[in-house]
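Numbering (full-length UniProt numbering), first residue to last: 1 to 337. For every residue, glycine included, the Cβ atom is placed at its ideal position computed from N, Cα and C. In this text, all values refer to a predicted model and were calculated from it rather than measured experimentally. To start, the structure under review is shown below, and the notes come after it.
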């Protein structure tokens, strides 16, 4: 009788993939992608007041924080080695209006947070968004005139907001409102105001997604939104359009590119990195986070394992880093080896 091993070798041509998987040391030796704390950006939610840590029901384990408590949290993040945090404000309803005018207040909540964190924790990066949705009474990312989100007027306003954020100490402006021409206009505005060293991380491909629901609860816009955002976000069906959109951001001077949401759009992450070669990031958005947390809380998955698996898959898809609400949890796990 012919040796069964010989038969297998004839079929495989003496190639056995399991040789490199046989032990922990060989698996580590040939590992293609690695997740480190340097890959993590922590999105945080801020509220007015002091000594406030307010749980967000739709995002278990995530809190809204007043600026003083954010400073404490930023110190922990820096101690863990997290390079940067991204701030998102939940301002008082009486400060919201049709044009999002509070975005143009030098002492608004987002700028207060930047000033406080940079003073207390100068070695952590601050990434700020200039989209108007936290500031508008209608929940849209731009200025609403009738039934239209007006492009050029919105761009003018976000440029002014970006300059104020840079003056407060923001290291990277990350505009998410998806208006045409915004990246070039912000770059010109920052440079003219003397902020040539402030970077721009473009939300290059922000899709009209169902994954944003918990985030909108976190910044209290869920009940405000009139209509949808399909006229300025990208359809989930359109990959080539996303690449063209990103190409415009590159031409206009973006330093970094972001894909949002993350996990459903890994193909876009890969294509951006392959096409443009710029530092590329994914935003693991609130709906992605909540799905994992909810399933883990019900005992349906190993939450910690799935957390790390999803973060690693962004690296495999070509991302240089990921904005994730898991940042602190993942950093603690990485610190334990």
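Secondary structure at residue 201: strand, using DSSP grouped into helix, strand and coil. Per DSSP, residue 148 is one residue of the beta strand (DSSP E) stretching across 148-150. Only exposed fits residue 196, as fewer than 16 other CB atoms lie within 10 angstroms of its CB. Inclusion of residue 135 and residue 91 in the CB contact set at 8 Å is warranted, their separation being smaller than that value. For residue 42, the CB contacts under 6 Å within the same chain, skipping 5 residues up- and downstream, are 77, 82, 85 and 327 in chain order. Counting along the chain, the unbroken alpha helix (DSSP H) around residue 112 starts and ends at 109-120. One alpha carbon belongs to residue 103, the other to residue 113, and they sit about 13 Å apart. Between the alpha carbons of residue 189 and residue 36 lies a distance of about 34 Å. Bounds of the alpha helix (DSSP H) holding residue 310 are 303-316. Under the DSSP assignment, residue 291 falls in the alpha helix (DSSP H) whose first and last residues are 286-297.
Scanning the stretch 166-218 from its first residue to its last, the whole beta strand (DSSP E) runs of 3-plus residues come out as 199-206. For residue 25, the three-state secondary structure derived from DSSP is helix.
Inter-residue distance for residue 223 and residue 213 is about 11 Å (C-alpha atoms, whole angstroms).
Residue 184 sits close to residue 252, with the two beta carbons spaced by under 8 Å. Residue 268 sits in a helix when the DSSP states are folded into three classes. As far as DSSP is concerned, residue 255 takes part in no beta bridge.
When secondary structure is reduced to three states using DSSP, residue 221 falls in the coil class, being assigned neither helix nor strand. For residue 164 and residue 284, the gap between their C-alpha atoms comes out near 27 Å. When secondary structure is reduced to three states using DSSP, residue 237 falls in the coil class, being assigned neither helix nor strand. Nearest in C-alpha terms to residue 34, of all of 19, 311 and 329, is 311.
With fewer than 16 other beta carbons inside 10 angstroms of its own, residue 226 counts as exposed.
Distance check between residue 60 and each of 288, 315, 308 and 321 places 288 closest, using alpha-carbon atoms only. Sequence-distant partners of residue 123 (beyond 5 residues in either direction) whose C-beta falls short of 8 Å from its own C-beta, in its chain, are 78. Cβ-Cβ distances below 7 Å link residue 169 to 114, 115, 118 and 126 in the same chain, with the five nearest sequence neighbours on each side left out; the list follows chain order. Secondary structure at residue 84: strand, using DSSP grouped into helix, strand and coil. Residue 16 carries a coil assignment under DSSP once its states are collapsed to helix, strand and coil.
Our two residues, residue 159 and residue 290, have alpha carbons roughly 33 Å apart in a direct line.
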